[in-house]
Structures are given as structure tokens and as C-alpha cells.
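Counting in the working numbering, the sequence shown runs from 656 upward without gaps.
Where is the CB? At the ideal position from N, CA and C, for every residue including glycine.
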Amino acid sequence: MTAMSDPIESLTKTARQLLEIEQLLGSQFTPAAVNSLPEVQLPRRAVSGLANMPPSDKAAALDDMNNNEVKVCTRCRLAKTRTQTVFGEGDPNAALVFVGEGPGQNEDETGRPFCGRAGDLLTSMIGAMGLTRDDVFICNVVKCRPPQNRNPMSDEVEACWPYLMRQLQIISPKAIVTMGNPATQKLLQTKTGITRLRGNWQALPEFADSLGGIPVMPTFHPAYLLRYYTPQVRREVWSDLQQVMTVLGLKLPKDK
Ligand code: URA
Ligand code: SF4
Numbered sequence: 656m657t658a659m660s661d662p663i664e665s666l667t668k669t670a671r672q673l674l675e676i677e678q679l680l681g682s683q684f685t686p687a688a689v690n691s692l693p694e695v696q697l698p699r700r701a702v703s704g705l706a707n708m709p710p711s712d713k714a715a716a717l718d719d720m721n722n723n724e725v726k727v728c729t730r731c732r733l734a735k736t737r738t739q740t741v742f743g744e745g746d747p748n749a750a751l752v753f754v755g756e757g758p759g760q761n762e763d764e765t766g767r768p769f770c771g772r773a774g775d776l777l778t779s780m781i782g783a784m785g786l787t788r789d790d791v792f793i794c795n796v797v798k799c800r801p802p803q804n805r806n807p808m809s810d811e812v813e814a815c816w817p818y819l820m821r822q823l824q825i826i827s828p829k830a831i832v833t834m835g836n837p838a839t840q841k842l843l844q845t846k847t848g849i850t851r852l853r854g855n856w857q858a859l860p861e862f863a864d865s866l867g868g869i870p871v872m873p874t875f876h877p878a879y880l881l882r883y884y885t886p887q888v889r890r891e892v893w894s895d896l897q898q899v900m901t902v903l904g905l906k907l908p909k910d911k
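Dropping the structure here:
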């Protein structure tokens, strides 16, 4: 996104951001700005291989993986019950990646991540940060819907893991937000629960070339937020997102 030249467009965006913050939080905050994410600068740290890919090649690399590998994948039992795979979507060169658990019914039907009720809330959370879904990348630890929306089993997460790892290598984000236990525990290689982990920056382990050290912010899953829509949980999620904004150099909304 570039600086907004059209004042009407700018006002519309600010109004939308305000509504999204209100939905997330109540009316405690007003937005300061519609944000634009910094360009990912490469090389960011000692990077090699996939992470060195020029931004212009990233979309094609992700599309290739999706079309030639994920869409036809039968590496785990979820292949048998899915309607279709849900690869993830967004900016192939995003500075920020959100990782959820796995597709639910809406996602399985549409092939798009986070497009049901929890997805609408995630869209609002991103809006409250002054961003849009197109500015970030959104995906899940498993690409196929677990039946009855049960948690993905550890062998399913393991089978699907190479895809997420490669997505992260290609995108090479500046920060990752893990939402809920399955994503957080896999990416941080821990059994500690989200309630204890959330709100504290962690570093991604060196799973593969160039992944080690990417800052990870664990937070509650939006589906949890929908179930426990209390002022405290909302404040906690918003505080986690504001920490992410700070690390990315985004302007924070002002307290009233
Ligand atoms: N919940 C998730 O974890 N992922 C989705 O894509 C949708 C709901
Ligand atoms: Fe393949 Fe992942 Fe789907 Fe399992 S969940 S079939 S590993 S794409």
C-alpha cells in the first residue's frame, strides 16, 4: 500500500478500521492511521536457498506447491474426508504470516482459509492493525479439514508440516502470529498451553534453512475469542496484536 492520496478513500478506510477495533475491543481506542507493512528486505539475516528467492518469483513458487503437491496430496488420512485442500492466501512476500489450526466447514467448501465466523473476526483483527488480508499471508498447520472440526492429530500435523515450512521459507516473513494451541505448539515445539505462552515473543526454531529466529507471537485463536468474548480476552488479543505492530514498525492507534 502506498500513502493514500484520495481523502475520501482514506476516511473510509479509517472508519472501517475504527469499526473493526470496536468489534474487537469495544470503543476504547481510536485508530491513528491506516498502516502499510514494510517491504521485506532481503537478505534479512543469513538466508540461503528458498528464502533468497526474489519477491517476483514467490507467487509462482507458492502456486506450484499448491497445484502440484498440496491439491493432490494424500500424505495423511484427512485426504479421504476433505472436499478440497486449503493452501492459504495473501501476499507471497508478506512481512506477517498468521497460522491457524486447520480448515473448518466453510473453508473446506470454499478452499479459502478463515472465511467463516472465526475468519470474519480474524479479518477484523487484521483491520484493527490498520491492514487488510491482502497485506498478510493466512494459512493453517494442516491443509485439509479434520472431520467434525476435531483438532488435527499429531501424525497429520507431521505429514503436512513440510508444506508449512516451505511456505514460511518462501514468504520469509518478519513475524509470525500463531493462533491457538495446535499452531503454537507445533511451531514452537512445546507442550505448554496458549494461555501461558500468549503475549510473549518467542523465536522460531531452526526447522530448516533460514527459519530460525523469526519472531513468533502466540495468541488466542479467533474461535476461542468468539466463545469467550470477554473484555479480558479481547484486551489480551489486542495487546498481542499491538506488540506485533510495534515489531513491524506499524503506527499504533491512540488511546482515547
Ligand atoms: N479455523 C482455523 O484454524 N483455520 C481456518 O482456516 C478457519 C478456522
Ligand atoms: Fe496432505 Fe496436509 Fe491434506 Fe494431510 S492435511 S492430506 S498432509 S495436504
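Asked	Found
Which whole-angstrom value is the C-beta distance of Glu811 and Leu733, which I expect to be below 8 Å?	6 Å
State the start and end residues of the unbroken alpha helix (DSSP H) segment that holds Ala734.	733-736
Can you name the start and end residues of the alpha helix (DSSP H) that Ala830 belongs to?	Segment 830-834 is the beta strand (DSSP E) holding Ala830; no alpha helix (DSSP H) there.
Let me have the residue list for the ligand URA: C-beta closer than 7 Å to any non-hydrogen atom, ordered along the chain.	Val741, Gly755, Glu756, Gly757, Pro758, Gly759, Glu762, Pro768, Phe769, Gly771, Ala773, Gly774, Asn795, Met834, Gly835, His876, Ala878
I think Val899 touches Leu751, with their Cβ atoms under 8 Å apart; what is that distance to the nearest whole Å?	7 Å
For the alpha helix (DSSP H) containing Cys815, list its first residue and its last residue.	809-826
Check whether the Cβ of Leu823 lies closer than 8 Å to any heavy atom of the ligand SF4, and answer yes or no.	no
Nearest to Gln857 by alpha carbon, out of Asp864, Glu762, Lys829?	Lys829
Starting from Phe792, follow its DSSP beta bridges and name the residues at the other end.	Gly745, Val752
How far does the alpha helix (DSSP H) with Thr845 in it extend, from its first residue to its last?	It is not in any alpha helix (DSSP H) - Thr845 carries neither H nor E in the DSSP assignment.
Quick one: what's got a C-beta closer than 6 Å to Arg699's C-beta in the same chain, skipping five residues either side?	Its pLDDT being 45, under 50, Arg699 is placed unreliably by the model, and the measurement read from it follows with that caveat. Same-chain partners within the cutoff: there are none.
Does the beta carbon of Gly745 sit closer than 9 Å to a beta carbon anywhere in chain D?	Of the protein chains in the structure, only one exists, and it is not chain D.
Return the first residue and the last residue of the beta strand (DSSP E) that Pro870 is part of.	870-874
From Met784, Lys713, Asp895, pick the residue whose C-alpha is nearest to that of Ser691; which is it?	Met784
Give every residue of the same chain whose Cβ lies closer than 7 Å to the Cβ of Arg788, excluding the five residues on either side of it in the sequence, and list them in chain order.	Gly745, Thr778, Ile781
Let me check understanding here. Comparing Cα to Cα, which of Glu724, Val754, Gln739 lies closest to Leu836?	With the sequence shown as reference, residue 836 is identified as Asn, and Leu is not the correct amino acid for it. Checked all of Glu724, Val754, Gln739; the closest Cα to Asn836 is Val754.
Three-state secondary structure (DSSP) at Gln857?	strand
With burial defined as no fewer than 16 other Cβ atoms inside 10 Å of the residue's Cβ, what is the status of Gln672: buried or exposed?	buried
Using a Cβ-Cβ cut-off of 8 Å (strictly less than) and excluding sequence neighbours within five positions of Gln824, which residues of its own chain qualify?	Gly704, Leu705, Ala706, Ala863, Asp864, Ser865, Leu866
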